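Participant: These protein sequence lines are chains A and B, in that order.
The working numbering puts the first sequence at residues 1 to 425.
The working numbering puts the second sequence at residues 1001 to 1784.
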Amino acid sequence: MDRRRFLELASVTGLGLAAAPLLGRAGTGDRRGGDHAVADEDDYQGPLFVQVQAHGGWDPTLLCDPKPGLNNSYGEGDVRTAGNLQYAPVGGAAALFDAHYGHTVFINGVDTSTNAHDAGQRFCASGRLGEGHPCIAGLYAGAFAPSRPMSFLSFGPYDRTSGLVAPTRNGNPDMLAELAHPDRMSAADPASPTYHSETAHALIRLARDKRSAHAAETLMLPRYRHAIESLQTARAGSAGLTRLEEVLPEPDANALHRQAQLVVAAYKAGVGVAGNLFHSNFDTHSNHDAEQSARMSELLGLVKFLWDEAERQGVADRLVVLICSDFGRTPQYNGNMGKDHWSITSMIAMGAGIHGNRMAGLTDGGHNTVPLDPATGMAAADPAAGIKLTPAHVHRGLRRVLGLSGTAVDDAFPIALDDDYDPLA
Amino acid sequence: MPQRDHSRSITACRSVAAATGPLALALLGVLGGGCYDGGPAHADPAGDDGNDGAAEGGPPELGGGEVCVDIDNFFRDEVWSPLLKEKCFACHNPNGVARNTDLVLQGTDFPGYLDVNLQTVANLAQLEIDGTSLLLLKPSAAVEHGGGKQVEEGGDEYDRLAQLIERLRAPVHCVDDADVAAFYAHLDLLDEQQTLRKAVFMLAGRMPSQAEIDGVEAFGMSGLDIVLEGVMREEAFYVRLREIYNDLLHTDAFLAGDDAIATVDAERFPNARWFDQLPDDQQGAARNATNDAIAREPLKLIEHIVRNDLPFTMILTANYTMVNPFSARSYDVPLSNFADPNDANEWIPVGFADFPHAGLLTTSVFLNRYPTTPTNRNRARSRAVFKFFLGTDVLRLAARPIDVTAIEDFNPTLYNPNCNVCHDNVDPLAGAFQGWDETGRYRPMDGGWYTDMRPPGLDDVAIPFEQSPRALQWLTPWLVRDRKFATAVVYAMFQGLTGQEPLVEPLDEDAPDYLARIKAFRAQDYSFGRIADAFMKHDHDLRVVIRELVKTEWFRAVDSDLPLSPERASELADMGSARLLSPELLHRRIAATTGAPWRRAGTDVLLSADYFKFFYGGIDSASVTTRLTEMNGVMANIAERMANEVACTVTAWDFTKSPADRLLFPLVEPSDLPGTPAGDEAIRANVLHLHDRLLGEQLEDDDREIDRSVALFKAVLADGRARMQDTANPMSPSLPGACQGLLDPNTGAPVAEGTAITEDPDYTVRAWMAVVTYLLGDHRFLYE
């Protein structure tokens, strides 16, 4: 574009320049990174955070909190180890944990305090049992990269972001290239003519920016301001999609794995920082052993693929993963050889900044949570004085790992705990 | 495609005639302004808001200039909050030591707890000893009270209870409420014409006609009522209605493949797959048509009820389902019932013998969309009914902590407070589904319902044992009498019209925004409650709900006429829809405003999964069931491409039409250039028209936004004309091929002979393209 001509045209026709800067996202106030916020989020080199949700309620005793006495599918001698980690003999576990036990912590005996799917998913994803908090992936993306076009890629069930960032859903990946070049008449052809001249496109955007800025200044209802500002924010980052083209791999045959490919590629391209992956059908009220084991193997395969893909793209050293589920399954089988809902569960944290090769939290032989001494993380000498480990503890630790502690979003959506125990430290 | 819906088996149809178009306006002339009966409008405290919102039921019972205090508010503010919650609830709750007394209060997480608690207290207040209510005798320990003396006789709290008893004898329900009116004060609302535009688009996906605009301009809100009455009888409205309810029920998940056919009871209907007998080349089309028909039964039933002016309660009580000729073959319904046995758009109500229909609840796709298991025992189905048709999210009850280690009871869901907080609500209604098995087949249980669960029923209504084979059919007439059913319909329509979920009562009283949120909730609850009451009063006429909702502040608020303090901004956080259009709505807006859809090779790109449906936040009703409400970078680029591509498609094409037929450029010609009075006037006039046409903005001629758009036109024009005169590298006078006005984008047919536009010698067509691109990408176009 002839910049001089553009400036002249903008000036003489009255469009002018210097659009008023847009305000923070309405509806939430300025709740972003605070002291930790970066001046230019394109420069942000923080972690890639991925939450993997086992949808429906997994059985930790078939994974990271092995209880041979509560399962028909394996016995005492079948429990495996990787470093200091102990796990049940489920397919895919050895491949994952043998490779990554050093930065992996199993957190057992986590009390979700609920048997309801929605509430459990919310607690697992947001660190709060009640309504109102964004999922941590959305919190993180909203704090550090709200303008990136795929800042938070969501495939998962609980993806509330409280207006901090707009989640992005997956669609036909063949269309991504077209979306990277909305001005080209033939998107895939770099030599394609554009709909308007480069100058005209620039003039259109300038006029839009000024109109939006004026509307954001004058409209007072929060929802209207938020709509205008979020549109501007989305537009501001959308140009980055061109970089995604360069790093998108050939789609994997496995649909679950394609989720992981896109999240990693978005991070690699600098257009995304967080993702929610999920795998469903863990609600095994019947035929538990076969169904739960199969789903668990697929889930572990997904996590292993995620790590491999991050390695291939050269970003594994910045990957942080949280694996969790709605709640756990009952210690006993029901009449259909299924297991019902049980509020005690486990969570697994992996990656950069995680104090790994450890098992935190405790359960007894009946898969009840054991109160902990917050100073040591061990069983409390006096159970009545011990603390109950909850997803809130894990989330507080995760916020620390992700650099969220003390930020404006951390204050806006506080984790309410009376003790200092951090299972990730 | 017009839909034919026979209702010959129905004898209860109302005689209300559809009043549409000119007829409606003629009717308007007869009725004048007097037919507006108020609805949910709220009197301005100063009394000068100009509407007659207090018409219903007479004026407030203010009496001597005093402020009207509603019984509900008195109970909440003077009795519940300061007294019952603080002193009584600890014992008098469903799990407390007084759980077996006549005073069992519900906590704040119980849906409608204030209504329930007021009724409980009212019942207790009627019990007297020697003329004194137990409500006074017990807490003052004038008679035996397990909790001892809690209030002093003659004290302030005693006096509040005495006042409540007095008020219960003659309850006052204020027509208006000062708190609610204050909440809505100083809001800028859409005027009648803007409300019309928004409502017509949201209900029928089109722009209002000039006759409709004239009617509303002449008669205000009364005119709006009658115009909308006509709009709500258009085919597009029924499409929208199905869309709104599918966003809740998600039964369209079964449209894929033969998923819906697989839900049919093959033992009862052995010809479910009748098409397998057809020649190979006919099977696919017949299977698809059959599957679509079965998948659409619930939504078609809703449409049938509304189309025929039946009480909306029949969506759960109708003793039939809806069948077209293709599903008729699966169900062995004689094809002689149809005028055309191959017309998929001909639907009739059909009841099956020995099958206790309960409206859409007993359709096979509903039962399979909300399946159950032997241990779940229909609780998922019960939860769905609570959520969709009683406006109650029972899982919200489970949001409060439970202690699983304390669950050691023999039957915890029945006896343990950690569990029965939910199960006491869910399980009785689950029992009503006892006749349907895990795969949705009607198989009454031989031994009756489980004895280790609460008996089948709802609230205080128990289903008689002898009605067990038709338990659900027996119960639904009771269920729809509940005001919560009416409220749920208001919720559904509100969500459909605005994309917003209704507010839920905040539970955390310590939250910093609690006060703001509770004010907003109470105001909305008040408004929606009045609409629910009107809905019930008008024999559950769905159109009443829609007509009243579009008049509310929740639909019409666009701004405030006073600066907002942080507290006030927090109160108004959910006010005004500002809705990001769904792919379906954006598709309709493009077509409605420009005259052509965004389409490639016959495919509507915003509606196709192969293109942008999911990227733009669409749902498939199966794995993706929630719509995106926030614009992200990917969606921003879709909007950008849409604006470019649609502007290219429609600009030259619009100029090929005669000015009177043009939607976008009726006031200007490509030959009109700036620099002459006539040219400048035409350009400015058409920019004014474009702002109105595309954005719904009625601006003054000298508005800065008009200046901005005119400036954009001139700047692009100047740039283009300079490039065309560049001797070294002149820009072509020809329009790009895709942007030439050669074909009608709707039909693909050539434009009228001699009108084609392929050249743009003055560059004006491309400059107008830029203006159209600018406006199509505007927030007012992408949001409603």
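Cβ atoms here follow ideal geometry from the backbone N, Cα and C, with glycine treated the same way.
Note that the coordinates shown come from a computational prediction; the quantities given were computed from them, not determined experimentally.
At least one CB of chain B closer than 8 angstroms to the CB of L417 (chain A): is that the case?
Facilitator: It does not: the Cβ of L417 (chain A) has no partner Cβ on chain B nearer than 8 angstroms.
Participant: Look at the alpha carbon of N1271 (chain B) and the alpha carbon of N1073 (chain B), and state the distance between them as a whole number of angstroms.
Facilitator: Rounded to the nearest angstrom, the two C-alpha atoms are 59 angstroms apart.
Participant: At a cut of 8 angstroms, does the region 1540–1550 of chain B reach the region 1486–1493 of chain B through at least three beta carbon pairs?
Facilitator: Because the criterion of three Cβ pairs below 8 angstroms is met, the region 1540–1550 of chain B and the region 1486–1493 of chain B touch.
Participant: Near H181 (chain A), which residues of its chain fall below 6 angstroms by C-beta distance, leaving aside the five closest residues on each side in sequence?
Facilitator: Cβ neighbours of H181 (chain A) beyond the five flanking positions: A187.
Participant: Between K268 (chain A) and chain B, is the shortest Cβ-Cβ distance under 8 angstroms, so that the two count as touching?
Facilitator: Closer than 8 angstroms: no.
Participant: Which residues in chain B have a C-beta closer than 9 angstroms to the C-beta of D326 (chain A)? List them in chain order.
Facilitator: What D326 (chain A) touches in chain B: nothing, since even the nearest Cβ is about 11 angstroms away.
Participant: According to DSSP, is A416 (chain A) part of a helix, a strand, or is it coil?
Facilitator: DSSP places A416 (chain A) in coil when its eight states are reduced to three.
Participant: With distances taken Cα to Cα, identify the nearest neighbour of D420 (chain A) among A:T390, A:T407 and A:T242.
Facilitator: Checked all of A:T390, A:T407 and A:T242; the closest Cα to D420 (chain A) is A:T390.
Participant: Would you call the region 1360–1371 of chain B in contact with the region 1450–1461 of chain B, where contact means no fewer than 3 C-beta pairs closer than 8 angstroms?
Facilitator: Too few Cβ pairs lie closer than 8 angstroms, so no.
Participant: With a 10 Å radius around its C-beta and 16 neighbouring C-beta atoms as the bar for buried, classify P1566 (chain B) as buried or exposed.
Facilitator: Under this definition P1566 (chain B) is an exposed residue.
Participant: Does I965 (chain B) pass the burial test, meaning 16 or more other C-beta atoms within 10 Å, or should it be called exposed?
Facilitator: Only positions 1001 to 1784 of chain B appear in this structure, which leaves residue 965 (chain B) out of reach.
Participant: Which partner residues of G1155 (chain B) appear in the DSSP bridge assignment?
Facilitator: Answer is none; G1155 (chain B) lacks a bridge partner.
Participant: Quick check on DSSP: helix, strand or coil for M150 (chain A)?
Facilitator: Reduced to three states, the DSSP call for M150 (chain A) is coil.
Participant: Here's the rule: buried if 16 or more other CB atoms are within 10 angstroms of the residue's CB, otherwise exposed. What is D78 (chain A)?
Facilitator: When all chains shown are included, D78 (chain A) counts as exposed.
Participant: Tell me which residue opens and which closes the alpha helix (DSSP H) that V105 (chain A) is part of.
Facilitator: Careful: V105 (chain A) lies outside any alpha helix (DSSP H), inside the beta strand (DSSP E) at T104 to D111.
Participant: Give every residue of the same chain whose Cβ lies closer than 6 angstroms to the Cβ of L1168 (chain B), excluding the five residues on either side of it in the sequence, and list them in chain order.
Facilitator: Hits under 6 angstroms: A1122 and A1125.
Participant: Measuring alpha carbon to alpha carbon, tell me which residue in B:D1188, B:P1730 and B:T1313 is nearest W1478 (chain B).
Facilitator: Measuring from the Cα of W1478 (chain B), the nearest candidate turns out to be B:T1313.
Participant: What separation, rounded to the nearest whole angstrom, lies between the Cα atoms of Y1370 (chain B) and R1379 (chain B)?
Facilitator: Computed Cα separation, rounded: 9 angstroms.
Participant: Does V1504 (chain B) pass the burial test, meaning 16 or more other C-beta atoms within 10 Å, or should it be called exposed?
Facilitator: Answer is exposed; the Cβ neighbour count stays below 16.
Participant: Report the CB separation of R243 (chain A) from P251 (chain A) in whole angstroms; it is logged as a contact under 8 angstroms.
Facilitator: With 8 angstroms as the limit, R243 (chain A) and P251 (chain A) do not qualify as a contact, their Cβ atoms being about 18 angstroms apart.
Participant: Find the residues of chain B that neighbour G138 (chain A), judging by a C-beta separation of less than 8 angstroms, and give them in chain order.
Facilitator: Within 8 angstroms Cβ-Cβ: nothing; G138 (chain A) doesn't reach chain B, min ~10 angstroms.
Participant: Would you call F1465 (chain B) buried or exposed, if buried means 16 or more other Cβ atoms sit within 10 Å of its Cβ?
Facilitator: F1465 (chain B) should be labelled exposed.
Participant: Mind listing the chain A neighbours of P1736 (chain B)? Cutoff is C-beta to C-beta under 7 angstroms, in chain order.
Facilitator: Near P1736 (chain B) (Cβ distances below 7 angstroms), the residues of chain A are M185 and P193.
Participant: How many angstroms separate the CA atom of A381 (chain A) from the CA atom of E131 (chain A)?
Facilitator: Their Cα atoms are separated by approximately 34 angstroms.
Participant: Along the chain, where does the alpha helix (DSSP H) containing G1284 (chain B) start, and where does it finish?
Facilitator: Start and end: D1280 to A1295.
Participant: Rounded to a whole number of angstroms, what is the C-alpha to C-alpha distance between T1651 (chain B) and A1592 (chain B)?
Facilitator: Those two C-alpha atoms are separated by around 15 angstroms.
Participant: Opposite C324 (chain A) in the DSSP bridges: which residues?
Facilitator: C324 (chain A) pairs with A:Q53.
Participant: Do I1683 (chain B) and V1646 (chain B) come within 8 angstroms of each other at the CB atom, strictly closer than that value?
Facilitator: Result no, Cβ atoms of V1646 (chain B) and I1683 (chain B) do not sit closer than 8 angstroms.
Participant: What did DSSP end up calling Y224 (chain A) once you bin it into helix, strand or coil?
Facilitator: If DSSP states are grouped into helix, strand and coil, Y224 (chain A) belongs with the helices.
Participant: Flag A265 (chain A) as yes if its beta-carbon sits less than 8 angstroms from any beta-carbon of chain B, otherwise no.
Facilitator: No, A265 (chain A) lies away from the interface with chain B (no Cβ there is under 8 angstroms from its Cβ).
Participant: With distance defined between alpha-carbon atoms, name the residue in A:T376, A:A234, A:V247 and A:D189 nearest to G386 (chain A).
Facilitator: Per the Cα distances, A:T376.
Participant: Alpha carbon to alpha carbon, what distance is there between R169 (chain A) and G24 (chain A)?
Facilitator: Model confidence at G24 (chain A) stands at a pLDDT of 28, short of 50, so the residue's coordinates are unreliable; what they give is reported in the following sentence. Distance between the alpha carbons of G24 (chain A) and R169 (chain A): 23 angstroms.
Participant: Could you list the residues in the region 1746–1774 of chain B with a C-beta less than 9 angstroms from some C-beta on chain A, going in chain order?
Facilitator: Cβ contacts with chain A come from R1766, A1767, M1769, A1770, V1771, T1773 and Y1774.
Participant: Per DSSP, which one or two residues make a beta bridge with W1436 (chain B)?
Facilitator: Looking at the DSSP assignment, W1436 (chain B) forms a beta bridge with B:Y1442.
Participant: Using a Cβ-Cβ cut-off of less than 9 angstroms, give me the residues of the region 217–228 of chain A that come near chain B, in sequence order.
Facilitator: Listed by position along the chain: T218, L219, M220, L221, P222, R223, Y224, R225, H226, A227 and I228.
Participant: Taking beta-carbon pairs under 8 angstroms, can you tell me which members of the region 1471–1487 of chain B lie near chain A?
Facilitator: Here the close residues number zero.
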